[in-house]
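Protein chains: 2
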Amino acid sequence: MERISASTIRRLSGYVRVLDDLVQQGESIASSKELAERTGVTSAQVRKDLSHFGSFGRRGYGYEVDSLRTAIRGILGLSRRWRVAIVGAGNVGTALFSYKEFRARGFDVVAVFDNAPERIGQRLGDDLVVEPMGRFAEIARERAVEIGVIATPARAAQEAADVVVGAGVKALLNFAPRKLAVPRGVTLRDVNLAVELESLAFALRAGAR
Amino acid sequence: MERISASTIRRLSGYVRVLDDLVQQGESIASSKELAERTGVTSAQVRKDLSHFGSFGRRGYGYEVDSLRTAIRGILGLSRRWRVAIVGAGNVGTALFSYKEFRARGFDVVAVFDNAPERIGQRLGDDLVVEPMGRFAEIARERAVEIGVIATPARAAQEAADVVVGAGVKALLNFAPRKLAVPRGVTLRDVNLAVELESLAFALRAGAR
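Sequences listed follow chains A and B, in order. Numbering of the first sequence is given in our numbering, commencing with residue 223 and proceeding in unit increments. Numbering of the second sequence is given in our numbering, commencing with residue 223 and proceeding in unit increments.
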């Protein structure tokens with residue numbers, strides 16, 4: 223499969239959401255214009271993104287909502303569920319644990335870790351307790367963790383990432399405001415919430431949209 | 223000033239973080255190569271991004287860390303503080319309230335709102351209590367709110383956004399998994415945490431980096 227950019231993936235995620243809504247509304251056909259308007263991109267962009275993966279629509283007819291949705295979900299790896307561990311049981315970690323959209327989208331949090339003695343053993347939801355970081359490798363293996371979420375303070379983030387990667391986890395989502403080093407073959411995505419606010423500050427300052 | 227893309231803004235935020243670190247380490251000069259390596263982009267990209275704003279470096283010498291940092295902070299609108307209101311005092315809203323990086327980066331949460339009777343009046347930190355949504359316009363005016371953060375469930379997000387925009391707030395950061403409609407002249411940024419996980423799922427599935 224050809225290399226696909228992170229921004230294409232983000233748009234594909236957006237199309238899946240719109241297609242989910244259309245299915246719920248009982249729609250069976252969608253035009254690229256409709257997908258474009260509902261996701262905030264151009265029709266040309268929609269057609270280009272979908273063309274990476276073969277031919278889903280018919281000219282002058284539109285896309286079949288249900289089969290396009292199944293196809294994109296398959297492409298994104300969403301036709302199965304994924305097993306996620308969160309490192310850091312502070313405000314960010316516990317909010318992520320409770321974030322319903324993760325489960326709705328196929329991501330199950332199967333373990334939460336922390337180093338702080340007062341947090342270890344704390345109950346989370348119905349099934350989990352906060353586990354000590356020292357047990358990461360063992361528990362990650364038992365529970366077949368595939369994705370690690372770093373939700374520690376900045377100063378602890380690299381050490382946490384090293385433990386997660388050392389346990390064989392190949393994908394990291396990092397919420398700590400620190401650039402992490404990971405070996406080749408490990409995929410890292412950074413979520414920096416302050417960056418989004420900075421981009422708004424810029425827009426306000428520039429008077430741009 | 224020419225139009226600058228959201229991804230350029232994100233990279234500029236990244237450069238500021240690296241420059242902050244360099245200042246702390248007592249470094250006075252940085253090369254584009256160094257900025258590039260620490261932010262994970264190419265040197266050519268660094269030079270291109272900075273060229274939008276005039277000439278900060280000298281060939282064969284590098285950038286003056288302190289003055290480049292001040293300049294980018296000014297460009298991003300970070301040489302002043304910004305006043306933020308959070309709508310939704312659930313898990314996401316309270317985690318955002320406690321997210322220290324916001325304050326560190328110049329964003330002060332000056333009000334938190336909710337509709338649920340059991341949340342209204344709840345204390346947050348030292349100075350705030352959760353306010354009812356019905357008082358949004360009044361409080362936003364009193365406290366000069368400039369940025370609204372939507373942290374409600376999906377079904378309540380558009381209504382919340384309408385109230386925020388109706389009160390004259392021109393910038394929204396949306397954490398609800400719902401595409402919001404806002405009038406021209408209002409800047410909207412979406413943060414969809416599930417999308418980031420989906421992008422990792424794709425990488426794992428594709429066996430890409």
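Glycine residues also receive a C-beta, built at the ideal position from the N, C-alpha and C atoms.
Excluding five sequence neighbours on each side, which residues of the same chain lie with their C-beta closer than 7 Å to the C-beta of residue i?
i       : result
R295(B) : V238 and S301
Please name the residue, chosen from the options, that lies closest to residue i on a Cα-to-Cα basis.
i       : options                               : result
S250(A) : R269(A), G236(A) and T292(A)          : T292(A)
R232(B) : E420(A), L426(A) and K401(A)          : E420(A)
F319(A) : R327(A), V334(A) and A326(A)          : V334(A)
I308(B) : F424(B), A362(B) and R377(B)          : A362(B)
F424(A) : V245(B), K270(B), F424(B) and L410(B) : L410(B)
A393(A) : R427(B), A376(B), E259(B) and F358(B) : R427(B)
G248(A) : S273(A), A266(A), D288(A) and L272(A) : D288(A)
K270(A) : R406(A), T230(A), L290(A) and E256(A) : T230(A)
E286(A) : H274(A), E256(A), A228(A) and Q380(A) : E256(A)
Y321(A) : K322(B), E381(B) and G312(B)          : G312(B)
Got a sec? Which residues, its chain only, sit under 6 Å from residue i by beta carbon, not counting five neighbours each side?
i       : result
F329(A) : W304 and V306
L395(B) : V371 and R411
P354(A) : I342
V413(B) : F397
V332(B) : R305 and R365
V268(A) : S254, L257 and A258
Are any of the Cβ atoms in chain A nearer than 7 Å to that of residue i?
i       : result
S227(B) : no
V268(B) : no
G299(B) : yes
S289(B) : no
V263(B) : no
R232(B) : yes
R427(B) : yes
V413(B) : yes
F335(B) : no
S273(B) : no
R327(B) : yes
A366(B) : no
S250(B) : no
V314(B) : yes
E381(B) : no
So is the beta-carbon of residue i under 6 Å away from any non-hydrogen atom of the ligand PLP?
i       : result
L346(B) : Absent from the structure shown: the ligand PLP. Ligands present: none.
From the beta carbon of residue i, is the nearest beta carbon of chain B less than 7 Å away?
i       : result
F424(A) : yes
P405(A) : no
S254(A) : no
T292(A) : no
T374(A) : no
L241(A) : no
E340(A) : no
I369(A) : yes
E418(A) : yes
P399(A) : yes
R363(A) : no
N396(A) : no
T393(A) : One detail in the question is off: residue 393(A) reads as Ala in this sequence, not Thr. So yes, A393(A) belongs to the interface.
What do you get for residue i, buried or exposed, if any count of 16 or more other CB atoms within 10 angstroms of its CB means buried?
i       : result
V314(A) : buried
S254(B) : buried
R400(A) : buried
E340(B) : exposed
V245(A) : exposed
A373(B) : buried
E418(A) : buried
Are the CB atoms of residue j and residue i within a distance shorter than 7 Å?
i       : j       : result
V408(A) : V387(A) : yes
T261(A) : G236(A) : yes
V351(B) : R357(B) : no
V391(B) : V367(B) : yes
A416(A) : R327(B) : yes
G284(B) : A252(B) : yes
L402(B) : A376(B) : no
L298(B) : L234(B) : yes
I369(B) : L422(A) : yes
A389(A) : A359(A) : yes
Return the chain-ordered list of same chain residues with a C-beta closer than 8 Å to the C-beta of residue i, the five sequence neighbours on each side being excluded.
i       : result
A378(B) : G310, N337 and A398
V385(A) : V309, M355, F358 and A359
Q380(A) : R400, L402 and A403
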